[in-house]
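Engineer: There's a structure below that I have some questions on.
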C-alpha cells in the first residue's frame, strides 16, 4: 500500500444560485476587475488515502464525494490531482 494525496474541488452546480460567489464577483467589479464574468465559491479538500495505485486512490475519493463529501443535488466535484503523499 502507498499513501496518496488526492485534491478535490467542490463547487455549487452551474445554474444554481451562489450568493457568496455573486458577492465576490460584485466586489471584484467594484475593485476594477471588469473582466470577471462569474465566480463560484466552493471548497477545496485534500484527502490522504492508502491505496495500491493512484487510480484506486482516485476512485476511492470519488466514492467518498458521491456518498458524503459533496451534495449530489446542489454540488459538482472534480479531482484536481493525485500524488504520492
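In the working numbering, the protein residues as written are 5 to 89. Each residue gets a CB set at the ideal place from its N, CA and C atoms; glycine is no exception. Only a predicted model underlies this, so the values are computations on that prediction, with no experimental measurement involved.
(1) Can you list, in chain order, the stretches of the alpha helix (DSSP H) that have 4 or more residues and sit fully within the stretch 17-70?
(2) If I measure Cβ to Cβ from residue 32 and keep anything under 6 Å in the same chain, skipping five residues before and after, which residues do I get?
(3) Does any CB atom of chain C fall closer than 8 Å to the CB of residue 10?
(4) Note down the Cα distance separating residue 82 from residue 27, rounded to an integer number of angstroms.
(5) If we count the other Cβ atoms within 10 Å of its Cβ and call it buried at 16 or more, is residue 15 buried or exposed?
(6) Looking at the secondary structure, which residues open and close the beta strand (DSSP E) in which residue 83 lies?
(7) Measuring straight from C-alpha to C-alpha, what distance separates residue 50 and residue 11?
(8) When you compare only the Cα positions, how much space is there between residue 53 and residue 67?
Structural biologist: Looking at the coordinates:
(1) Segments of the alpha helix (DSSP H) lying fully in the stretch 17-70: 23-34, 58-68.
(2) The answer, listed in chain order, is 40.
(3) The structure shown contains no chain C; it is built from a single protein chain.
(4) About 24 Å.
(5) When all chains shown are included, residue 15 counts as buried.
(6) Residues 79-88.
(7) If you draw a straight line from the Cα of residue 50 to the Cα of residue 11, it comes to about 5 Å.
(8) For the pair residue 53 and residue 67, the Cα-to-Cα distance works out to about 12 Å.
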